[in-house]
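Going letter by letter, the sequence shown gives residues 1 to 85 in our numbering.
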Amino acid sequence: MRCAKSQQATKLLVPVLHQHWQRQKAELLLLPVALVVVLLLVVLVVLLLHQHGQRQEVELRVRLMVLLLVLLVAPVVAPVLVLLL
Numbered sequence: 001m002r003c004a005k006s007q008q009a010t011k012l013l014v015p016v017l018h019q020h021w022q023r024q025k026a027e028l029l030l031l032p033v034a035l036v037v038v039l040l041l042v043v044l045v046v047l048l049l050h051q052h053g054q055r056q057e058v059e060l061r062v063r064l065m066v067l068l069l070v071l072l073v074a075p076v077v078a079p080v081l082v083l084l085l
């Protein structure tokens, strides 16, 4: 009787663990993909600024780089802040 209950519990637990593992795997893949997208945006903005010519102000470049840096760091910092609050 005890063995049957154990097998039944195992049958119920395995799908739950599998779903949890799939969710964790998806979350782990999300961050690198987001970082690559943000880095590509940074490269695009830098190329566009360079191509636009030297008339652009340095201040604008600095502001854009700071904004992109914030966008890059925000996905990493946000979960930590949520855990601390």
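All C-beta atoms, glycine included, are put in the ideal place defined by N, C-alpha and C. As the structure is a prediction and not an experimental result, all values here were calculated from the model.
Residue i versus residue j: straight-line alpha-carbon distance, rounded
{"i": "V80", "j": "L47", "result": "33 Å"}
{"i": "A34", "j": "K5", "result": "44 Å"}
{"i": "V76", "j": "L28", "result": "12 Å"}
{"i": "V70", "j": "Q19", "result": "33 Å"}
{"i": "V45", "j": "L30", "result": "23 Å"}
{"i": "R63", "j": "V82", "result": "27 Å"}
{"i": "T10", "j": "V16", "result": "10 Å"}
C-beta contact flag for residue i and residue j at 9 Å
{"i": "M65", "j": "V37", "result": "no"}
{"i": "L88", "j": "L72", "result": "Only positions 1 to 85 of the chain appear in the structure, and residue 88 is not among them; the question remains open."}
{"i": "L68", "j": "L60", "result": "no"}
Beta carbon proximity, residue i to chain B, threshold 9 Å
{"i": "V46", "result": "Given the protein chain composition of this structure (a single chain), no chain B is represented."}
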